[in-house]
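In this text, residue positions in the sequence shown follow numbering that gives the first Met the number 0: the first is 0, and each later residue adds one.
For glycine and all other residues, C-beta sits at the position ideal for the given N, C-alpha and C.
These notes are about the structure you will find just below.
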Amino acid sequence: MLWFIFILVLVVFILIMIPLLSVQIAFSTILSSSAININIKGTTFFGLLHFQKEWSLADILSMEREEIEELEEDTVHFDTLLNELKYLPQNIKPFQRVIAQFLIKIKIKQFEWRTTIGLGDAAETGTASGAIWSLKGTIFSWARNYLSFAKKPLIDVQPDYQRMTLETTCQCMMQIKVGNAIWTAYKIAREWKKHKKRSFLQSEKDRRTINV
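Structure below.
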């Protein structure tokens, strides 16, 4: 009997704690003309649980070859996918508010994005550097509307006038509340059911109008 009560209390405790837990995710990537490396690390449950995944250039190329082979074997599936992509913006629209509410609750604790570019010509390198600065500025102008930054992001673009090169490194550490993620998933599922119902009713209405 005591074991049963202990297990019951433990289960209730875990169910209460799960929504209150935070997931710390550290993301880093290195992209250059000769190497690609992506690394994701995560910790939760007060640092007791860890997960890590890393991809290299060889892994990415291998995945691309497998995807190409699958597309060659199933062209009908590819055509269906393209047709579905046409309606993607329309299907995502009902969830924009829910997703925006979730994103603003994600806490970006650290963000660094450094880029080095060289085109072999001083004028072209300067122009390219300015274009990258403009692109990064646009991205972060949008990101500040949807994400919460604990401190100012570090953005840097270094022109290299001596050689042809393009290298970029990105490091990001974020904190996500498990409870917020669960609640957002529930709201998306609820909105999806409403969206499907509205789409069905609209299609039925259109069909009846055509028949009349």
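(message) Taking 7 Å as the cut-off, is the beta-carbon of Phe-50 closer than that to any non-hydrogen atom of the ligand SAH?
(response) In the structure on display, the ligand SAH does not appear, and there are no ligands present to speak of.
(request) Specify, as a first and last residue, the run of the alpha helix (DSSP H) that Ala-149 falls within. (result) In this chain, Ala-149 is not harboured by any alpha helix (DSSP H), its DSSP state being neither H nor E.
(request) With DSSP as the reference, label Val-104 as helix, strand or coil. (result) Per the sequence presented here, residue 104 reads as Lys, with Val not at that position. Coil, per DSSP.
(message) Pro-152 and Ile-116 - do their beta-carbons sit closer together than 8 Å?
(response) Cβ atoms of Ile-116 and Pro-152: not closer than 8 Å.
(message) Can you tell me where the beta strand (DSSP E) holding Phe-26 begins and where it ends?
(response) Taken as a continuous stretch (DSSP letters only), the beta strand (DSSP E) holding Phe-26 covers 21–30.
(message) On the criterion of 16 or more Cβ atoms from any shown chain inside 10 Å, does Phe-50 qualify as buried, or is it exposed?
(response) Looking at its Cβ environment, which holds fewer than 16 other Cβ atoms inside 10 Å, Phe-50 is exposed.
(message) Contact between the segment 155–175 and the segment 124–144 is defined here as three or more beta-carbon pairs at a separation below 8 Å; is this criterion met?
(response) Between the segment 155–175 and the segment 124–144 there are three or more C-beta pairs closer than 8 Å, enough to call the two in contact.
(request) May I ask you to report which of helix, strand or coil DSSP gives Gln-95? (result) The answer is helix: DSSP assigns Gln-95 an H, G or I state.
(request) Rounded to whole angstroms, what's the CA-CA distance from Gln-109 to Asn-38? Just pull it up for me. (result) Straight across, the Cα-Cα distance linking Gln-109 with Asn-38 is about 16 Å.
(message) Which of the three DSSP states is assigned to Arg-113 in this structure?
(response) In this structure, Arg-113 counts as strand in the three-state DSSP scheme.
(request) Quick one: give me the first and last residue of the alpha helix (DSSP H) that Gly-129 is part of. (result) Unbroken alpha helix (DSSP H) run through Gly-129: 121–145.
(request) Provide the residue span of the beta strand (DSSP E) that contains Gln-51, from first to last. (result) Segment 48–55, the beta strand (DSSP E) holding Gln-51.
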